[in-house]
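*Asks:*
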Amino acid sequence: MKRLTALLTALLLFLSGLAIAEASPGALTLAEIESFNAAILEKAVADEPTLRKAGDAWVALGQGYELTLSSEDISADSVVLGAAVTLEAGQDGQLLGPRGVTADSSLEDLLKAYPNDNPYLAGNQDSAVLYISGELPAAVYTGFVVRDGQTLSLVEYNVYHQVDGGVARAGMQYTISEGRVRAIRSFFSQVPLSQTEAQEAIGRLASLQEENSVVMNLGQPGSPLEREDMEIGGLDFFDLTPETAQAILGAPEHEDEAKISGGSLLTLQWPGVEAVFSLEDGGKAARAERITINSGSFDGPRGLRLGQSLAQAISLFAHGDQLPVEGGSLYGQGQTPPYGAMVSGSGYVTLYYVIDSDNGSAGLVLTFMDDKLAVMSLTYL
576 MKRLTALLTA
586 LLLFLSGLAI
596 AEASPGALTL
606 AEIESFNAAI
616 LEKAVADEPT
626 LRKAGDAWVA
636 LGQGYELTLS
646 SEDISADSVV
656 LGAAVTLEAG
666 QDGQLLGPRG
676 VTADSSLEDL
686 LKAYPNDNPY
696 LAGNQDSAVL
706 YISGELPAAV
716 YTGFVVRDGQ
726 TLSLVEYNVY
736 HQVDGGVARA
746 GMQYTISEGR
756 VRAIRSFFSQ
766 VPLSQTEAQE
776 AIGRLASLQE
786 ENSVVMNLGQ
796 PGSPLEREDM
806 EIGGLDFFDL
816 TPETAQAILG
826 APEHEDEAKI
836 SGGSLLTLQW
846 PGVEAVFSLE
856 DGGKAARAER
866 ITINSGSFDG
876 PRGLRLGQSL
886 AQAISLFAHG
896 DQLPVEGGSL
906 YGQGQTPPYG
916 AMVSGSGYVT
926 LYYVIDSDNG
936 SAGLVLTFMD
946 DKLAVMSLTY
956 L
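Sequential numbering of the sequence shown, starting at 576, is according to our numbering.
#1: Quick check on the DSSP output: the alpha helix (DSSP H) that includes Thr677 runs from which residue to which?
#2: Any idea what DSSP makes of Asp945, helix, strand or coil?
#3: Gly675 and Ile759 look like a contact to me (Cβ under 8 Å); what is the Cβ gap, rounded to whole Å?
#4: Could you check the C-alpha separation between Ser769 and Phe812 for me, to the nearest Å?
#5: Helix, strand or coil for Lys628, going by three-state DSSP, please let me know.
#6: Return the residue from the list Asn869, Ser870, Pro846 and Ile835 that minimises the CA-CA distance to Ser853.
#7: For Asp622, which three-state DSSP category applies?
#8: For the beta strand (DSSP E) that contains Gly531, what are its first and last residues?
#9: Quick one: Cα of Ser952 to Cα of Ala826, how far?
#10: Between the C-alpha atoms of Thr911 and Arg744, what's the straight-line distance to the nearest angstrom?
#11: By the 10 Å Cβ neighbour count, where 16 or more other Cβ atoms means buried, how is Leu948 classified, buried or exposed?
#12: State buried or exposed for Asp933, treating a residue as buried only when at least 16 other CB atoms are found within 10 Å of its CB.
#13: Closer than 8 Å is the cut-off here; do at least three beta carbon pairs connect the region 607 to 622 with the region 640 to 657?
#14: Express the C-alpha separation of Ala703 and Leu941 in angstroms, rounding to a whole number.
#15: Buried or exposed for Gly875, please, with buried defined as at least 16 other CB atoms from any protein chain shown within 10 angstroms of its CB.
#16: Under 8 Å between the Cβ atoms of Ile751 and Leu727?
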């Protein structure tokens with residue numbers, strides 16, 4: 576997750592052309608939820624909407640909105656249990672969600688309005704965490720999405736806070752369809768969670784943060800490979816030395832040094848990882864030449880992991896409207912960095928994403944077998 580946060584900062588700087596990134600938005604607050612409810616209540620007081628009983632509560636239905644109340648009284652003193660705005664709200668200026676999000680805002684604009692530590696929405700098939708901030712017994716703020724693979728259906732922001740009897744949960748839910756907000760709904764939990772239950776709920780989100788079986792790129796298409804992407808498993812390709820590799824991965828299982836003109840090549844191997852360094856005469860490391868991952872759960876550039884599909888990987892980087900199924904250019908001019916290219920063979924596909932560096936062309940090489948990422952390397956080319 577920290578790697579993804581650094582990548583998001585770099586992408587924002589690239590796209591905006593700003594020298595200094597703007598401050599990121601803060602987490603949803605209780606005050607914002609209450610303000611949203613108060614605005615909808617004010618609208619209902621003026622409109623005299625239709626009332627109907629719903630269990631122990633009452634629901635007031637108006638044009639483009641609804642209120643869930645503790646009683647049938649609709650006044651400034653009503654206790655609001657929840658409120659909602661729908662597409663029928665149109666351009667009504669009173670029917671806005673927090674931070675100006677409307678019932679027709681784009682998903683992109685919604686996600687920009689709140690913190691997002693996970694720009695590629697790495698998670699599992701069903702969900703991904705956007706952020707977790709704070710720690711019980713103080714307030715805890717969370718955000719997550721609900722999806723079916725690459726199709727996102729809900730974005731939810733929560734506030735866990737202490738009340739008499741335990742921990743209450745309040746939040747905003749944004750229903751998503753075809754990449755746009757279709758409804759905005761607030762809620763307050765009526766029965767507090769115990770401290771243990773609240774901690775377990777937050778813990779499940781924390782565990783989800785570590786999952787990476789599904790990633791999404793909300794931009795169409797993604798951006799070219801950048802310097803900040805050149806890292807695998809915490810190993811920064813351009814800054815890597817044998818010493819830093821061993822500090823992160825531990826002692827290698829195998830070590831080999833082969834003489835070459837002007838020095839030697841040092842190969843270090845760990846389970847699923849191989850790193851090759853060029854050494855000057857005298858044994859001083861000149862640079863890393865290649866890092867290769869062929870097993871394990873190491874995070875690669877933009878959240879890539881072994882086992883992910885070809886389509887997932889391609890979606891993370893720039894490409895044209897038509898993919899070169901038989902092989903060809905993904906972006907750029909030929910083989911002049913920066914460029915991306917696809918090579919297709921019998922039973923395999925290899926993607927090359929290349930940038931220029933102080934020591935020549937370098938980049939990310941991804942090899943897929945049976946549509947699954949089998950090997951990823953950072954290397955000079």
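No residue lacks a Cβ here, since even glycine has one placed at the ideal position from N, Cα and C.
*Replies:* Short version:
#1: Here residue 677 refers to the residue found at position 102 of the sequence shown. Where Thr677 is concerned, there is no enclosing alpha helix (DSSP H), given that its DSSP letter is neither H nor E.
#2: For the purposes of this step, residue 945 is identified with residue 370 of the sequence shown, where counting begins at 1. Asp945 falls in the coil class under three-state DSSP.
#3: Residue 675 sits at position 100 when you count from the first residue of the sequence shown. Residue 759 sits at position 184 when you count from the first residue of the sequence shown. Ile759 and Gly675 do not touch by the CB rule: their CB atoms are close to 11 Å apart, not below 8 Å.
#4: Indexing the sequence shown from 1 puts residue 769 at position 194. Indexing the sequence shown from 1 puts residue 812 at position 237. So the alpha carbons of these two residues sit roughly 46 Å apart.
#5: By 1-based counting over the sequence shown, the position of residue 628 is 53. Strand at Lys628.
#6: Translated into the one-based positions of the sequence shown, residue 853 becomes position 278. Nearest option by C-alpha distance: Ile835.
#7: If you number the sequence shown from 1, residue 622 lands on position 47. The answer is helix: DSSP assigns Asp622 an H, G or I state.
#8: Look at the range of the chain in this structure, 576 to 956, and you will see that residue 531 is not part of it.
#9: By 1-based counting over the sequence shown, the position of residue 952 is 377. By 1-based counting over the sequence shown, the position of residue 826 is 251. So the two alpha carbons sit approximately 21 Å from each other.
#10: Along the sequence shown, read from residue 1 onward, the residue named residue 911 stands at position 336. Along the sequence shown, read from residue 1 onward, the residue named residue 744 stands at position 169. Whole-angstrom Cα-Cα distance: 53 Å.
#11: Residue 948 sits at position 373 when you count from the first residue of the sequence shown. It counts as buried.
#12: Looking up residue 933 in the sequence shown gives position 358. Per the 10 Å Cβ criterion, exposed.
#13: Result yes; three or more Cβ-Cβ pairs closer than 8 Å.
#14: Sequence index remark: in the sequence shown, residue 941 carries index 366 (1-based). Sequence index remark: in the sequence shown, residue 703 carries index 128 (1-based). C-alpha separation (whole angstroms): 24 Å.
#15: As a working mapping, residue 875 is identified with position 300 in the sequence shown. For Gly875, the number of other beta carbons within 10 angstroms of its own is at least 16, and it is reported as buried.
#16: For this step, residue 751 is matched to residue 176 along the sequence shown. For this step, residue 727 is matched to residue 152 along the sequence shown. Between Ile751 and Leu727, the C-beta spacing is below 8 Å.
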